[in-house]
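Heads up, the thing below is written out as structure tokens.
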Amino acid sequence: YGIVSDILSQSGFDWDSTKYMITVENEIAWNEYVKSHEEAKRFRFKVIPNWDDIVDLCAKDRATGLGAENALDADDIMSKETNEEEAIHSVSFDLEGSSSITRKNIRPSKSGEKEGMISSMKEVAKSLKEFVEVTKKKMENKKKMEIKEAQEVVHEVVSELDNIPNFNGALKHRAIDCLTKNPIKFAIIKALPLDEKEDYILSFMP
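If you use the numbering used here, the sequence shown corresponds to residues 28 to 233, in order.
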């Protein structure tokens, strides 16, 4: 979070809310910037689909005075699109580790102030865990929907090919594989008269 925020605060760099990535209007300025900020290089073409959520989360952290500490956790969350499943577990692990380390490093202070900081950190940790769980649930639902849609397409293709007389065996199997990947060709087949379907399929089948 800290790295990306610093990049966006510089002149010549902006955020593309459609592509979810940093845009560089001035390549010379970028090259000069990364000379003194090498850690920024990996974010040049990095897609961060959950950037708005991270900004909201860190804004909440700053309100409690813990933005800098928990921006590191938000940065861990940003890395999840490299490998979504691994990153979800790593964020949970980092949450527990960073909380325990921070508690150990709290300098001796007034009892009330110390307890207040610990309480605030627990709230931040709870918010991050909830964010991770919601993200994980969304990914699971998306995966289930994709599987369901794929099954429906395969079923429709098979049903259409079953209507073609004597169209079976290896030829049918190749046609299923081809048509499930080419929705436009499949739409054409559905629109053709029954006696023309096989000829059209054979025209593009390997």
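Glycine included, every Cβ here is placed at the ideal spot set by N, Cα and C.
Name the DSSP beta bridge partners of residue i, please?
i	result
residue 48	43
Please state the DSSP three-state secondary structure of residue i.
i	result
residue 28	coil
residue 232	coil
residue 158	helix
residue 71	coil
residue 178	helix
residue 146	helix
To the nearest angstrom, how far is it from the Cα of residue i to the Cα of residue j?
i	j	result
residue 151	residue 29	17 Å
residue 226	residue 215	12 Å
residue 183	residue 65	52 Å
residue 57	residue 43	16 Å
residue 213	residue 221	13 Å
residue 172	residue 140	48 Å
residue 59	residue 31	16 Å
residue 142	residue 170	42 Å
residue 159	residue 72	24 Å
Next on the checklist: Pairs of beta-carbons, one from the stretch 51-58 and one from the stretch 31-39, closer than 8 Å: are there three or more?
Outcome noted: Flag = yes, the stretch 51-58 and the stretch 31-39 touch.
Next on the checklist: Quick check: the stretch 191-201 against the stretch 160-178, are at least 3 beta-carbon pairs closer than 8 Å?
Outcome noted: With fewer than three CB-CB distances shorter than 8 Å, the stretch 160-178 does not count as touching the stretch 191-201.
Item to check | Runs of alpha helix (DSSP H) lying entirely within the stretch 180-218, each at least 4 residues, in chain order | outcome: Listed in chain order, they are 196-206 and 210-218.
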